[in-house]
Amino acid sequence: MRVIYADSLFIMNLAADGLLLLAAGRICALRTRLTRILLGAVLGALFSVLSVFPGFSFLSSPWLIVPVGLLMVLCAYGEQKRLPRVCAVFFLSSATFAGVTWALLYTIGSDSLPARAVPFVLAATYVVTTGVFRFSQSRDGKGGTAELTIELDGKSVKLRALRDTGNSLRDPLTGGILPVVEADAVKELFRNEIARIICDEKMTAPDKLSEIWNRQSSVRMRLVSYRAVGVDGGLLPAFRADKVTVAGSQQKGRWIAISPTSLISGSDCSAIVNGDA
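Everything in the sequence shown is counted per the numbering used here, starting at 11 for the first residue and increasing by one.
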C-alpha cells in the first residue's frame with residue numbers, strides 16, 4: 011500500500027506552485043505582491059492534497075485542473091492587463107514542470123520525486139520556458155521585453171523595456187521612433203538639480219526645459235509632442251544620449267523621451283521601445 015504524507019505533499023506543491031507563479035510573472039515582466047503569489051500557491055497546494063484523498067479522485071480531471079490553474083493566476087495577477095499572456099506562460103511552465111518531472115522519474119526508475127530534486131526540476135522548467143518565449147519573440151521581432159542601456163556623459167543606466175509595436179512616438183525632426191523612459195529610472199544620468207526638475211510631476215514640459223537650460227545650458231534637451239488614448243496631445247522633454255543599446259543593438263546620439271509618471275502599472279519595465287527596436 012502506497013503511503014502519501016499530506017503535509018509533505020502540501021509543502022512541495024506550495025513551493026512548486028509559488029515558484030511557477032513567480033516565474034510566469036517574471037517572464038511577462040509583471041509585478042505583484044508576494045501575498046497574492048502565496049494565496050495562489052496555497053490554492054494549488056490544497057487542490058493537490060485533496061485530489062489524493064479517497065472520494066476526491068475526480069479532482070484530478072483536466073476539466074477541473076484548468077479552471078483551478080486559471081483561478082491561481084487570477085489570485086496572483088488578477089488586475090493585470092496582460093492576464094491572458096501570464097496564464098499561457100503559467101500553463102506552459104506547469105506542463106514543462108510535469109514533463110521534466112516525468113523524464114527524471116523515468117531516468118532514475120522511481121515513481122516519486124525526491125524532495126531534493128524539486129529545485130533542479132524548477133530551475134530546468136524556468137530555463138526551458140524562458141527560452142521558448144525568448145525564441146518566439148526573436149522570431150517575430152516584436153513583443154516581450156528587452157534590456158535597454160543608456161549612456162550619457164560617462165554615466166550609464168540599465169533598464170527593462172517593454173517592446174510595444176503600438177509605440178509610435180516619433181522625433182519630429184528625424185522621423186525616428188523614440189524610446190520612452192520613466193524619469194526616476196534615468197535621473198542618475200543627470201546632476202541632482204536637473205534630476206529633481208525632470209522628476210517633478212507638477213511642472214509642465216516647457217517649464218522643465220526652461221528651468222533646466224537656466225541651470226545648465228549645455229544639456230542637450232528639447233520637446234517632443236505625443237498623443238495618447240483620451241489625450242488630445244501633449245509635450246514630453248527628450249534628451250540626446252551618447253549611446254543607446256537595445257537588446258545588444260547599439261545606436262549613438264539617439265533621442266529619448268522622458269515620462270514624469272509610471273509607464274506600465276504593475277510591471278518591472280521602466281521604459282517602452284518599439285516592437286521592432
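Glycine residues also receive a C-beta, built at the ideal position from the N, C-alpha and C atoms.
Is the beta carbon of residue 189 closer than 8 Å to that of residue 218? Walking along the sequence shown from the start, residue 218 turns up at place 208. Walking along the sequence shown from the start, residue 189 turns up at place 179. Cβ atoms of residue 218 and residue 189: not closer than 8 Å.
Counting only runs that start and end within the region 175 to 229, where is the alpha helix (DSSP H) found for 4 or more residues in a row? 193 to 196, 202 to 209 and 215 to 225
Boundaries of the beta strand (DSSP E) in which residue 283 is found, first to last residue: Here residue 283 refers to the residue found at position 273 when the sequence shown is read from its first residue. Counting along the chain, the beta strand (DSSP E) containing residue 283 begins and ends at 281 to 284.
If we count Cβ pairs, one from each stretch, closer than 8 Å, do we get three or more for the region 132 to 140 versus the region 225 to 239? no
For a test of the three-state rule: what should DSSP assign to residue 66, helix, strand or coil? Within the sequence shown, the letter at position 56 stands for residue 66. Looking at residue 66 - three-state DSSP - the assignment turns out to be coil, as it is neither helix nor strand.
From the DSSP output, in three-state form, read off residue 119 for me. Translated into the one-based positions of the sequence shown, residue 119 becomes position 109. Coil at residue 119, not helix or strand.
Are at least three pairs of beta-carbons, each pair with one atom in the region 87 to 104 and one in the region 18 to 35, less than 8 Å apart? yes
Rounded to the nearest angstrom, what separates residue 141 and residue 102 at their Cα positions? Residue numbering aside, residue 141 sits at position 131 when the sequence shown is read from its first letter. Residue numbering aside, residue 102 sits at position 92 when the sequence shown is read from its first letter. Taking the straight line from one Cα to the other gives about 12 Å.
Given residue 235 as reference, the closest of 267, 50 and 139 once Cα atoms are compared: The residue labelled residue 235 in the question sits at position 225 within the sequence shown. The shortest Cα separation from residue 235 among 267, 50 and 139 belongs to 267.
Considering only residues of the same chain and omitting the five flanking positions on each side of residue 57, which have a CB-CB separation below 7 Å? In the sequence shown, the residue the question calls residue 57 occupies position 47. Excluding positions up to five away in sequence, the list reads 69 and 78.
Alpha carbon of residue 254 to alpha carbon of residue 244, nearest angstrom: Taking the first residue of the sequence shown as 1, we reach residue 254 at position 244. Taking the first residue of the sequence shown as 1, we reach residue 244 at position 234. Between residue 254 and residue 244, the C-alpha separation is close to 25 Å.
What are the partner residues of residue 231, as DSSP defines its beta bridges? Position 221 of the sequence shown, counted from the first residue, corresponds to residue 231. Residue 231 pairs with 249.
Own chain residues within Cβ distance below 6 Å of residue 50, not counting five before or after: To locate residue 50, count along the sequence shown from 1; it is residue 40. So the qualifying residues of the chain are 31, 82, 85 and 86.
Limits of the unbroken beta strand (DSSP E) element including residue 268: For the purposes of this step, residue 268 is identified with residue 258 of the sequence shown, where counting begins at 1. That run of the beta strand (DSSP E) goes 265 to 269.
Using CA atoms only, rank isn't needed, just tell me which of 209, 128 and 168 is closest to residue 269. Counted from its first residue, the sequence shown places residue 269 at position 259. For residue 269, the closest alpha carbon among the candidates 209, 128 and 168 is that of 209.
With a threshold of 16 other CB atoms inside 10 Å of the CB of residue 239, please say whether the residue is buried or exposed. Along the sequence shown, one-based indexing puts residue 239 at 229. Low confidence applies here, because residue 239 scores a pLDDT of 43, under 50, leaving its location unreliable and the question unanswered by this model.
Exposed or buried, which one is residue 112 when buried takes at least 16 other CB atoms within 10 Å? As a working note, residue 112 is residue 102 in the sequence shown. Exposed, by the Cβ-count rule.
Alpha carbon of residue 118 to alpha carbon of residue 93, nearest angstrom: Indexing the sequence shown from 1 puts residue 118 at position 108. Indexing the sequence shown from 1 puts residue 93 at position 83. For residue 118 and residue 93, the distance between alpha carbons rounds to 37 Å.
Residue of 99, 212, 180 and 45 minimising C-alpha distance to residue 264: Locating residue 264 in the sequence shown gives position 254, where the first residue counts as 1. The residue with the shortest Cα to Cα distance from residue 264 is 180.
Is residue 168 near the ligand SAM - that is, is its Cβ less than 7 Å away from at least one heavy atom of it? Questions concerning the ligand SAM fall outside what the structure shown contains, since it holds no ligand whatsoever.
With a 10 Å radius around its C-beta and 16 neighbouring C-beta atoms as the bar for buried, classify residue 193 as buried or exposed. Here residue 193 corresponds to residue number 183 of the sequence shown, with the count starting at 1. Flag for residue 193 reads buried.
So what's residue 113 in DSSP terms, helix, strand or just coil? Locating residue 113 in the sequence shown gives position 103, where the first residue counts as 1. Correct three-state label for residue 113: helix.
Tell me, please, which residues DSSP counts as bridged to residue 171. On the sequence shown, position 161 is the one that residue 171 refers to. 156 and 281, per the DSSP bridge assignment.
Report the rounded CA-to-CA distance for residue 45 versus residue 166, giving the unit in angstroms. Translated into the one-based positions of the sequence shown, residue 45 becomes position 35. Translated into the one-based positions of the sequence shown, residue 166 becomes position 156. In a straight line, the C-alpha of residue 45 is about 34 Å away from that of residue 166.
Would you report the Cα separation of residue 104 and residue 271, rounded to the nearest angstrom? What you label residue 104 is simply residue 94 of the sequence shown in a count that begins at 1. What you label residue 271 is simply residue 261 of the sequence shown in a count that begins at 1. So the two alpha carbons sit approximately 35 Å from each other.
What did DSSP end up calling residue 164 once you bin it into helix, strand or coil? For the purposes of this step, residue 164 is taken as the residue at position 154 of the sequence shown. Note: residue 164 maps to coil in three-state DSSP.
Please work out which residues of its chain come closer than 7 Å, Cβ to Cβ, to residue 136, disregarding the five sequence neighbours upstream and downstream, and give them in chain order. On the sequence shown, position 126 is the one that residue 136 refers to. Once the five neighbours on either side are set aside, the close Cβ partners of residue 136 are 33.
Looking at the strands, I want to know which residues DSSP matches up with residue 256. Numbered from 1 along the sequence shown, position 246 holds the residue referred to as residue 256. Answer is 158 and 259, bridged to residue 256.
Sheet register partners of residue 311 (DSSP bridge): The chain is shown only over 11 to 287; residue 311 falls outside these bounds and no answer can be derived.
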